[in-house]
Amino acid sequence: MILKDKTILVTGGTGSFGKKFIQQILEKEVKKVIVFSRDELKQYEMAQEFTDPRIRFFIGDVREKERLYRAFEGVDIVIHAAALKHVGACEYNPFEAVKTNIHGAQNIIEAAIDKGVEKVVALSTDKAASPINLYGATKLASDKLFVAGNSYAGDKNTRFSVVRYGNVVGSRGSVVPFFKKLVAEGATELPITDERMTRFWITLDQGVKFVIDSLSHMNGGEIFVPKIPSMKVTDLAEAIAPGIKTKVVGIRPGEKLHEAMITEDDARRAVEFESYYMIEPEFPWWNSEVSLKGKKLADGFSYVSNLNDNWLTVDELKDLI
Numbered sequence: 006m007i008l009k010d011k012t013i014l015v016t017g018g019t020g021s022f023g024k025k026f027i028q029q030i031l032e033k034e035v036k037k038v039i040v041f042s043r044d045e046l047k048q049y050e051m052a053q054e055f056t057d058p059r060i061r062f063f064i065g066d067v068r069e070k071e072r073l074y075r076a077f078e079g080v081d082i083v084i085h086a087a088a089l090k091h092v093g094a095c096e097y098n099p100f101e102a103v104k105t106n107i108h109g110a111q112n113i114i115e116a117a118i119d120k121g122v123e124k125v126v127a128l129s130t131d132k133a134a135s136p137i138n139l140y141g142a143t144k145l146a147s148d149k150l151f152v153a154g155n156s157y158a159g160d161k162n163t164r165f166s167v168v169r170y171g172n173v174v175g176s177r178g179s180v181v182p183f184f185k186k187l188v189a190e191g192a193t194e195l196p197i198t199d200e201r202m203t204r205f206w207i208t209l210d211q212g213v214k215f216v217i218d219s220l221s222h223m224n225g226g227e228i229f230v231p232k233i234p235s236m237k238v239t240d241l242a243e244a245i246a247p248g249i250k251t252k253v254v255g256i257r258p259g260e261k262l263h264e265a266m267i268t269e270d271d272a273r274r275a276v277e278f279e280s281y282y283m284i285e286p287e288f289p290w291w292n293s294e295v296s297l298k299g300k301k302l303a304d305g306f307s308y309v310s311n312l313n314d315n316w317l318t319v320d321e322l323k324d325l326i
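In structure tokens, the structure reads:
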């Protein structure tokens with residue numbers, strides 16, 4: 006088992022993904038789990054909920070390389086979930102987004118190599134594929150840094166891979182709690198940006214499982230993309246508040262009608278497996294034998310939310326939320 010007797014550190018460990026990931030891996034035979042984040046209040050609250058003696062809390066920011074060097078001492082696996090993720094906030098605070106999402110990625114790569122971390126999995130987003138907003142652009146840069154980190158590692162044992170997936174059901178900042186809040190306050194209509202809008206959709210449990218599976222599959226340099234369903238924003242509104250009218254308010258700055266996880270250009274160097282796709286790195290050190298186990302994608306293939314062949318119905322959305 007990939008996690009047995011390992012010390013695992015999660016950056017952004019007090020976030021939605023971090024808490025669910027830590028909850029699940031504490032059920033396994035891990036040696037130690039380190040929560041690395043910058044918010045002492047969230048760490049304090051999490052410590053009241055997670056009382057397992059194997060868990061440690063480490064205040065720090067991925068922008069500070071020296072702090073990462075201290076935190077990574079004796080760590081076997083790093084899950085990098087820390088990021089500035091809010092599209093609007095990144096648009097209006099671009100320098101801050103670059104410091105956390107790009108400079109922070111470089112700091113993690115250098116600290117992991119120098120401290121002998123075995124595996125690093127960085128969480129990405131569908132917004133990194135053909136980005137039109139700053140958040141997506143910083144995550145694309147981050148993805149490329151982590152893939153290239155395998156070159157920097159050289160003959161060291163540290164390996165880096167990326168997991169890219171879509172919207173997480175019910176995560177903080179997602180539309181689900183926002184819609185629910187409006188309904189609870191007695192709203193007679195729900196604001197949607199565009200009736201045509203679609204998104205990829207994944208649950209926290211599915212996201213955690215995919216990251217753990219990717220840890221098992223990774224050789225270093227891959228971008229793993231799960232096969233997940235799409236949903237229509239109008240169906241989501243109907244699932245949350247049946248019969249309530251919707252009001253089109255227009256697309257916000259940096260927002261797309263549909264999201265992509267694999268572009269047509271990415272697809273030329275991607276292979277398909279039963280439950281996921283794998284985008285291969287374009288470096289001479291890549292072991293092409295790994296690719297032989299998968300199926301090459303057809304010319305012109307792209308993995309876009311509105312072209313998906315797997316859709317969530319209104320009833321399925323109700324069950325999820």
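As numbered in the numbering used here, residues 6 to 326 make up the sequence shown, in order.
Cβ atoms here follow ideal geometry from the backbone N, Cα and C, with glycine treated the same way.
Predicted model only: the values in this text are computed from it and were never measured.
- Nearest in C-alpha terms to D81, of all of T268, G248, H263 and K11, is K11.
- Around the Cβ of E71, a 10 Å sphere holds fewer than 16 other Cβ atoms; the residue is exposed.
- According to the DSSP assignment, E50 belongs to the alpha helix (DSSP H) that extends over E45 to E54.
- Rounded to the nearest whole angstrom, the CA to CA distance from C95 to I197 is 21 Å.
- If you ignore the 5 residues before and after V152, its C-beta comes within less than 6 Å of the C-beta of G226 and P286, all in its own chain and listed in chain order.
- Of all C-beta pairs linking the region 286-299 to the region 191-211, fewer than three are shorter than 8 Å, placing the two stretches out of contact.
- For the set D131, I249, V253 and I84, the Cα lying nearest the Cα of E264 is the one of D131.
- Beta bridge pairing from DSSP links I118 with no other residue.
- In the three-state reduction of the DSSP assignment, K252 falls in the strand class, which pools E and B.
- Residue A272 holds the alpha-carbon nearest to the alpha-carbon of D304 among A272, K298, S21 and L312.
- Between L89 and A116, the beta carbon gap of about 19 Å keeps them out of contact (Cβ cut-off 8 Å).
- The beta carbons of V83 and V122 sit closer together than 7 Å.
- In the three-state reduction of the DSSP assignment, S166 falls in the strand class.
- Within a 10 Å sphere around the beta-carbon of R169 sit 16 or more other beta-carbons, which makes this residue buried.
- Taking all protein chains in view, the Cβ of F183 is surrounded by fewer than 16 other Cβ atoms within 10 Å, so the residue is classified as exposed.
- Burial state of D240 is buried, judged by a 10 Å Cβ sphere holding 16 or more other Cβ atoms.
- Taking a contact as a CB-CB distance under 8 Å, the pair N315 and P231 does not count as one, their CB atoms being some 11 Å apart.
- With three or more CB-CB distances shorter than 8 Å, the region 133-141 counts as touching the region 92-106.
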